[in-house]
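If you're matching positions, the sequence shown starts at 19 in this note's numbering and goes up one per residue. From the three backbone atoms N, C-alpha and C, an ideal C-beta is built for every residue, glycine too.
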Amino acid sequence: APATTAAPVLGLSVECTLVVEDQISCQAFGYQEDSQLTWTSTASWAYNVGEQWQFVIHDELIGPVTQVFLEECHGSDCETVETSIDTSALVPTSGVVPSTTSSPTAADESGGVVELTVGCSFDEPNRHLSCEASHGGNWESSLEPGRFSGGNTYEYRLGWGEMVEEISVQFTEGLAPFESVTTNLKVALQPRGDCPDDFSGWFTTFPLDDLELVIEVGPPVRFVTEEVLKGHGYFRAPWGQNAVDVRLPVDATLYNGGSYVPMGLSGELVDVQYRLKFRTKCEGLRIRLDHIEELIPEIAALFTREPQIYGSTAAAQLGGDYDLPLFEMKEGDLVGTSIGMPSDAEPGTTERGNAFMDFGVYDDFHRVPTAQDPRFTNAACYYDFFSPDIAAYLRSKTLINTPLEEDVCP
């Protein structure tokens with residue numbers, strides 16, 4: 019009887035049926051209308067996009083169980099679901115040469131045994147992974163989680179800012195006995211781009227137009243609670259001083275961000291906040307600006323999704339960010355004209371205008387003092403990226419009221 023998987027009522031799911039002897043038909047459920055849907059399967063070299071897929075099972079990929087994968091993507095946020103179909107009735111009952119050695123094997127055209135060999139190499143500085151197997155099958159890599167590629171070769175080139183220290187590649191034979199071989203490669207990437215020998219004073223513009231407006235500085239790598247960690251710091255201005263120009267401290271490209279409505283100190287939902295993430299021209303050196311209340315129109319137009327609604331600052335840390343169209347900017351360019359939460363009320367007073375901005379620097383190559391706890395995602399000590407005078411001023415205004423990771427900010 020044809021094998022069918024049931025579709026749950028809620029959430030992304032798939033239903034697949036073996037409609038004829040060599041074809042499988044699949045339908046997606048629970049997806050969002052503006053998403054990108056991509057289908058792959060262990061029984062086909064092909065792939066498909068859209069809400070449904072009917073494909074022919076390739077003879078060389080026939081196995082007792084066929085897996086089908088559906089990936090749904092919104093920008094850089096992706097989710098993959100999978101289902102299995104019983105195709106054991108399609109497996110030939112004769113002509114299969116089982117492996118009797120520790121090395122996976124398969125039958126060649128003359129009936130002899132061909133030993134399965136898999137080799138992978140990584141070319142640095144070209145960032146190119148190349149793998150080859152002695153015969154066809156399916157590839158899965160830690161570089162592309164949830165994606166499968168068919169054939170006897172697999173290649174991948176790391177893009178700008180993609181950081182890995184180890185690559186894992188798994189190859190599974192397309193013929194019985196369907197053995198798998200996993201290859202693990204240690205890689206040592208070297209930073210590309212326009213990088214200084216010394217990052218001290220590299221930021222020639224302070225993010226806020228008026229440095230002396232800053233009355234309090236939050237240091238990076240803070241353990242606010244056991245669940246809430248903040249790799250970034252913050253710059254606080256007096257209440258009501260929300261109107262201030264925000265500028266980029268160095269040439270960089272905006273690539274990711276998010277918008278959200280947080281709960282203020284007043285206990286009420288307040289103004290829409292924008293979080294911006296930039297890549298500098300020195301690979302691996304990233305900047306984060308958050309709690310921008312008013313963006314310049316050119317940047318505001320890049321945010322096409324409705325702001326998320328959060329009930330607490332901790333909830334706001336959970337994400338919701340997405341890739342934005344790349345927007346190149348120069349040092350000193352205007353980013354926004356207002357920070358913090360103008361409508362927020364200071365508890366116990368009549369003051370309004372919670373004025374602050376988050377600021378974080380991250381170094382994926384650890385060329386400056388950088389957090390070792392992976393949850394801080396390579397957050398760096400940002401003081402000395404500015405001139406000595408600005409760094410000294412920021413240190414003089416720093417408030418330490420939560421535990422910090424040791425030895426990051428001297």
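Along the chain, where does the alpha helix (DSSP H) containing Pro406 start, and where does it finish? 406 to 414
**Report entry** Length of the line joining the Cα atoms of Gln41 and Gln72
**Finding:** 7 Å
I want to know whether the stretch 242 to 250 touches the stretch 289 to 301 - three or more CB-CB distances under 8 Å. The stretch 242 to 250 vs the stretch 289 to 301: no contact.
Self-check item: Opposing strand residues paired with Gly251 [DSSP bridges]
Solution: Phe377
### Message
Among Leu207, Pro225, Thr367, Thr368, whose alpha-carbon lies nearest the alpha-carbon of Arg306?
### Response
Pro225
I'd like to check one pair, Phe221 with Glu267: are the Cβ atoms closer than 7 Å? Before going further, note that residue 267 is Pro rather than Glu in the sequence given. It is a contact, given that the beta carbons lie within the stated cut-off.
So the candidates are His92, Ser43, Val86, Asp95; which of them puts its Cα closest to the Cα of Ser102? Val86
Exercise. Among Tyr49, Arg393, Pro110, which has the Cα closest to the Cα of Glu89?
Worked result: Tyr49
Between which two residues does the beta strand (DSSP E) carrying Glu346 extend? Secondary structure note for Glu346: its beta strand (DSSP E) is the uninterrupted segment 340 to 347.
Quick check on the burial criterion: 16 or more other C-beta atoms within 10 angstroms. Buried or exposed for Ala397? buried
Once the 5 residues before and after Glu369 are set aside, which same chain residues still bring their CB inside 6 Å of it? Trp257
TODO: Pick helix, strand or coil for Asp77, following the three-state DSSP scheme.
DONE: Helix, per DSSP.
Q) According to the neighbour-count rule (16 or more other Cβ atoms, all chains shown, within 10 Å of its Cβ), is Met347 buried or exposed? A) When all chains shown are included, Met347 counts as buried.
*Looking only at C-alpha atoms, which of Glu230, Val239, Pro421, Arg323 sits nearest to Val379?*
Val239
- Query: Based on the DSSP output, what are the partners of Asn66 in its beta bridges?
  - Reply: Trp57
*Would you report the Cα separation of Val264 and Met375, rounded to the nearest angstrom?*
9 Å
Tell me which residues share the same chain as Ser139 and place their Cβ nearer than 6 Å to its Cβ, disregarding the 5 neighbours each side in the sequence. Ser148
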